[in-house]
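Reviewing the structure listed below.
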């Protein structure tokens, strides 16, 4: 059941992604890895993989080992390239700020690499950011604040994000905080600047949050706003979300680099763990493939100006187009009731524009994907116009826990663009321009590989229906 074109851990367990860094023409992706998971052991290390296209990854083994000193295993954090040798380990040393929790007390520790991120040594045994006496104090995210020539850290501290500055990555001063008491325990924060489609520059503050108590997602929440080196002021009180499904947690973003190695301020990428802490161990891949841990597809992020302000929009990363095995151009397919496609596959990228008459709309339009021959097992993805909402419903197939994610749509528009990425352990639906995405963890059986179109109680056209089968990247690797 290992996915065909999504990243998966080679064995045992993975969870949180760490923000990739760009070195020597490739991206180095680190993630939390437990080599003893199948034996019932605990403790995560940092494992590394490299990529040039954000789709195909090459495993490079453990870079930061667990239990290598008395500070315990390694949790989430971040990496930076110390171009100015501020920390004293040499120009362009790779520095990792890592949460460790000796005796259960979370704090931030420095590790350094002088071999281009392949291996790390601890920069002492004392924390560079000690715990002030709180329960939650983890997941540091550091950037170079070029406007003020200093390092800036965002740290997850329960229902607040702590802000810190440093000249050298080793001594940190608290300068502010961002507080939210209605989004659960905040984790894996993020801060970056991006240039919008109208040429203006904006700061984004993000964090993995749990809004389920308010009927909101539990994925990556973000705010656009203003940042002055100590304070972040959001444009709006309520966050936007990178994902409205159930399985896009612990996500990180990272910059795009052009052919010269320079950062492109208009494009950023996002990578999220394809799981959630409500059911982290509920996966049949343990029995079939001896592992537990997939990521959702890497996304290309851009900032777009709309009527309500600025919003991040997502598309599957552009490199996916280079892994298409076969393309099926089905044109416009008009459906009244149901229509079964003469197509079977386990891994593909499907796109179309749903079109209907706003004066006489059908009740429900969409796809049964990952569909068993008899139709009993499937995932339903589409638009319920009487809601009105777009949805992904994984209840009818094998999944970690039942559920249907929903987001509002406008049925009077008469059209809706959808793009569906289907793989052996996931379904992702990109709606419209990509401001809305639904990512779901699912486990269809090998024979559950057909597609049914439906337009209930009316007629709809599935315009420019295209299905791209994707090569088995993981088998090739």
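In this note's numbering, the protein residues as written are 239 to 715. Where is the CB? At the ideal position from N, CA and C, for every residue including glycine.
Candidates the options, of which the one nearest residue i by Cα
| i | options | result |
| --- | --- | --- |
| residue 456 | 507, 514 and 436 | 514 |
| residue 591 | 449, 628, 445 and 700 | 700 |
| residue 444 | 361, 549 and 503 | 549 |
| residue 359 | 307, 618 and 314 | 307 |
| residue 243 | 300, 399, 621 and 584 | 584 |
| residue 377 | 337, 357 and 454 | 337 |
| residue 451 | 319, 498 and 423 | 423 |
| residue 536 | 530, 555 and 546 | 555 |
| residue 588 | 646, 659 and 621 | 659 |
| residue 474 | 249, 482, 466 and 462 | 462 |
| residue 409 | 325, 333, 282 and 363 | 325 |
| residue 677 | 692, 684, 671 and 629 | 629 |
| residue 492 | 683, 516 and 316 | 316 |
| residue 380 | 402, 294 and 373 | 402 |
| residue 300 | 251, 530 and 698 | 251 |
| residue 539 | 506, 502 and 596 | 506 |
| residue 298 | 334, 256, 263 and 357 | 357 |
| residue 272 | 610, 465, 312 and 611 | 312 |
| residue 254 | 286, 274 and 265 | 286 |
| residue 417 | 438, 464, 471 and 436 | 471 |
| residue 362 | 384, 335 and 382 | 335 |
| residue 616 | 419, 684 and 291 | 684 |
| residue 371 | 339, 392, 350 and 523 | 339 |
| residue 580 | 482, 705, 449 and 500 | 705 |
| residue 702 | 672, 671 and 657 | 657 |
| residue 691 | 530, 669, 613 and 645 | 613 |
Three-way DSSP call (helix, strand, coil) for residue i in this model
| i | result |
| --- | --- |
| residue 340 | helix |
| residue 419 | coil |
| residue 649 | helix |
| residue 689 | strand |
| residue 616 | coil |
| residue 694 | strand |
| residue 272 | strand |
| residue 292 | coil |
| residue 715 | Any reading at residue 715 is ruled out, since the residue's pLDDT is 45, under 50, leaving its predicted position unreliable. |
| residue 285 | strand |
| residue 708 | strand |
| residue 376 | strand |
| residue 558 | helix |
| residue 451 | helix |
Element boundaries [beta strand (DSSP E), containing residue i]
| i | result |
| --- | --- |
| residue 526 | Here residue 526 belongs to no beta strand (DSSP E); instead the alpha helix (DSSP H) covers 523-527. |
| residue 258 | 250-261 |
| residue 658 | 653-661 |
| residue 403 | 398-404 |
| residue 346 | 345-351 |
| residue 431 | 425-433 |
| residue 388 | 388-394 |
| residue 593 | 586-593 |
| residue 575 | 562-582 |
| residue 542 | 537-544 |
| residue 507 | 501-511 |
| residue 603 | 602-609 |
| residue 552 | 547-554 |
| residue 228 | What the structure shows of the chain is the stretch from 239 to 715, and residue 228 is not part of that stretch, so it cannot be assessed. |
| residue 491 | 487-495 |
| residue 472 | 470-472 |
Neighbourhood of residue i by C-beta, 7 Å cutoff - its chain only, sequence neighbours within 5 removed
| i | result |
| --- | --- |
| residue 352 | 327, 328 and 331 |
| residue 637 | 679, 680 and 681 |
| residue 373 | 396 |
| residue 516 | 639 |
Residues near residue i in its chain [Cβ-Cβ closer than 6 Å; skip 5 each side]
| i | result |
| --- | --- |
| residue 260 | 495 |
| residue 707 | 563, 564, 583 and 586 |
| residue 512 | 485, 532, 533, 534, 664 and 679 |
| residue 245 | 295 and 533 |
| residue 257 | 316, 490 and 492 |
| residue 558 | 293 |
| residue 414 | 401, 468 and 469 |
| residue 481 | 457, 675 and 677 |
Beta bridge counterpart(s) of residue i as assigned by DSSP
| i | result |
| --- | --- |
| residue 461 | 443 |
| residue 312 | Per DSSP, none; premise fails for residue 312. |
| residue 678 | 665 |
| residue 408 | Beta-bridge pairing links residue 408 to no other residue. |
| residue 631 | 618 and 642 |
| residue 479 | 459 |
| residue 319 | 332 |
| residue 302 | 284 |
Close beta carbons around residue i, own chain, < 8 Å, minus the five adjacent residues each side
| i | result |
| --- | --- |
| residue 369 | 343, 344, 345 and 375 |
| residue 694 | 575, 600, 601, 602 and 603 |
| residue 341 | none |
| residue 635 | 608, 615, 616, 617, 680, 681, 682 and 686 |
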